[in-house]
Amino acid sequence: MPATDYQGSSTPLTIIGRSLLSMKRDQVHALESPNDGSASHDFELGSFQRQVADRFHDLASVPPDKLLSLPWVRKLLDVFLCCQDEFRPILFNNKAQVIKPPMDRLIAEYYERTVKALDVCNAIRDGIEQIKQWQKLLEIVLCALGDNNGIANNNCCQRALGEGQFRRAKKTLIDLAIGMLDEKDSGQALSHRNRSFGRNNNSTSHSKDHHHRPLGHFRSLSWSVSRSWSAARQLLAIGNNLAVPRGSDVVATNGLVMPVYTMGCVLLFVMWALVAAIPCQDRGLQVHIYVPRHFSWAGPLLSLHERILEESKKRDRKNACGLLREIYQMEKCTRLLGELTDTVQFPLGEEKEMEVRQRVKELGQVFDAMKEGLEPLEKQVRKVFHRIVRSRTEGLDSLGRGNNTE
């Protein structure tokens, strides 16, 4: 069940567990020499929690107009990769403890969550590819209504805008608007689009109309996940049984259960934020992330969770195919330009032409932002995928060797 189902009973046990662990360590420190490894162990665990907190505080300090932008999403993935790099040494430095119950079970559960996250990474890569298709349509509009180089600027080489260019741009804007509709509206949109252009709904069976299919159909365009796959269900599966550690487990594992729980929460939040930002199959933000406030990183993580949820509830974002800032800007710019092209009359007046060129310039800025940010984001998602695979393989291999030596 989701993590929210544990908030009633787990928190008191965690606090008790921390108290018991502190008492135990106080007694040990009173008897042992200052050079004992226990102090180093405590420092390692505490340092990990502080580093996670610092990274999420940095993420949460972003202004509203930068949240869920391409640079912010890349920074989010950087945070995950850094947390993963800092988590691995903790496991390797405590192999003897990790292979014993209950740590062996808790580590196995964490690695199972990471396997589920791999499907999310694949779906996100499909979503990025989808945005690239929209980017190509943007380029067609810019070539039609921009200057001779297809760039929206104010230089002296701008062409006169004619009816043919507007027809081409308008048709492309319609294709783009259809492609950006959320999946639940794609069926109705397809029917409307076919009526608009006088095509039968069965025309998708003809190769000549293949390029007219709406780009919003992720169930048919996704190559990495099955048709029945659901991002919403996958997120629920990642968060399943992600419970706050019990006090007895904290004591039994000498505190090692805490970084495992922390990484589970980080993994869940990062995958959830990716699904929120990037178009993917059967998106859903129903996962409720609960973390007790006494964790130093809980405040900024929960703040980001709340801010993203609030963003999804805004009137102009409710039916968005993704909350990525650049998608919102693209949708807004194309809508305004589309409305403008509907009102133009020829010959085009000077004032109307200036207005069109201004809209095209704004669209060009969105195009440039996507051109600059999508490729690095795709590479980073691929890096996260491979890092998860490598870390899981190394971890399971290490646990296997540890069990054999026992």
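Just so we're aligned, residue 1 is where the sequence shown starts under UniProt numbering, counting upward by one.
The beta-carbon is built from N, C-alpha and C at its ideal position, and this holds for glycine as well.
Since this is a predicted model, take the numbers as computed values, not measurements.
Taking W272 as the centre and dropping the five residues before and after it, the same chain places the C-beta of L235, V287 closer than 6 Å to its C-beta, in chain order. Taking all protein chains in view, the Cβ of R359 is crowded by 16 or more other Cβ atoms within 10 Å, so the residue is classified as buried. For I140, the enclosing alpha helix (DSSP H) covers residues 103-145.
For I99, there is no enclosing alpha helix (DSSP H), as DSSP gives it neither H nor E. The alpha helix (DSSP H) runs lying completely inside the segment 257-313 and spanning 4 residues or more are 257-277, 298-313, given in chain order. Relative to the Cα of G146, the nearest Cα in the group K361, I238, G46 belongs to K361.
If you ignore the 5 residues before and after E139, its C-beta comes within less than 6 Å of no other C-beta in its own chain. For P71, the enclosing alpha helix (DSSP H) begins and ends at 70-93. For Q165, the closest alpha carbon among the candidates I99, F295, I289, R357 is that of R357. Residue burial is scored here from C-beta neighbours: F43 has fewer than 16 other C-beta atoms within 10 angstroms and is therefore classed as exposed. Counting other Cβ atoms within 10 Å of its Cβ, D85 stays below 16 and is therefore classed as exposed. Going by C-alpha positions, L267 is about 20 Å away from G255.
Annotation: the continuous alpha helix (DSSP H) that includes C333 extends over 325-343. For the segment 231-255, the full-length alpha helix (DSSP H) segments reaching 4 residues or more read 231-239, 247-252 along the chain. Per DSSP, the unbroken alpha helix (DSSP H) holding F166 starts and ends at 163-179.
Here M370 is buried: its Cβ has 16 or more other Cβ atoms, across all protein chains shown, within 10 Å. E339 is classed as exposed because its beta carbon has fewer than 16 other beta carbons within 10 Å across all chains shown. Here A60 carries a helix assignment [DSSP, helix/strand/coil].
Within the same chain, and ignoring the five residues on either side of A232 in sequence, the residues whose Cβ sits closer than 7 Å to its Cβ are D282, R283, G284, Q286.
The beta-bridge partner set that DSSP reports for A369 is empty. Around the beta carbon of D342, fewer than 16 other beta carbons sit within 10 angstroms, so the residue counts as exposed. Under the DSSP definition of a beta bridge, A160 lacks any partner. By the Cβ-count criterion, H305 is buried, with 16 or more other Cβ atoms from all chains shown falling within 10 Å of its own Cβ. Rounded to the nearest angstrom, the gap between the Cα atoms of Q49 and L59 is 15 Å.
Spatial neighbours of V389 in its own chain (CB-CB distance under 8 Å, excluding positions within 5 residues in sequence) are listed in chain order as L118. At least 8 Å separates the beta-carbon of Q380 from that of L91.
For A320, the pairing in a beta bridge is given by DSSP as L181.
The alpha-carbon of P89 is positioned some 13 Å away from that of A96.
Around the beta carbon of M263, 16 or more other beta carbons lie within 10 angstroms, which makes this residue buried. By the CB criterion at 8 Å, S312 and A276 fall inside the cutoff. Pairing V250 with N122 gives a Cβ-Cβ distance that is not under 8 Å. Under the three-state reduction of DSSP, F346 is assigned to coil, being neither helix nor strand. Counting only residues of its own chain and dropping the five nearest sequence neighbours on each side, P259 has a CB closer than 8 Å to the CB of L45, F48, Q49, F87, I90. Our two residues, N319 and A252, have alpha carbons roughly 47 Å apart in a direct line.
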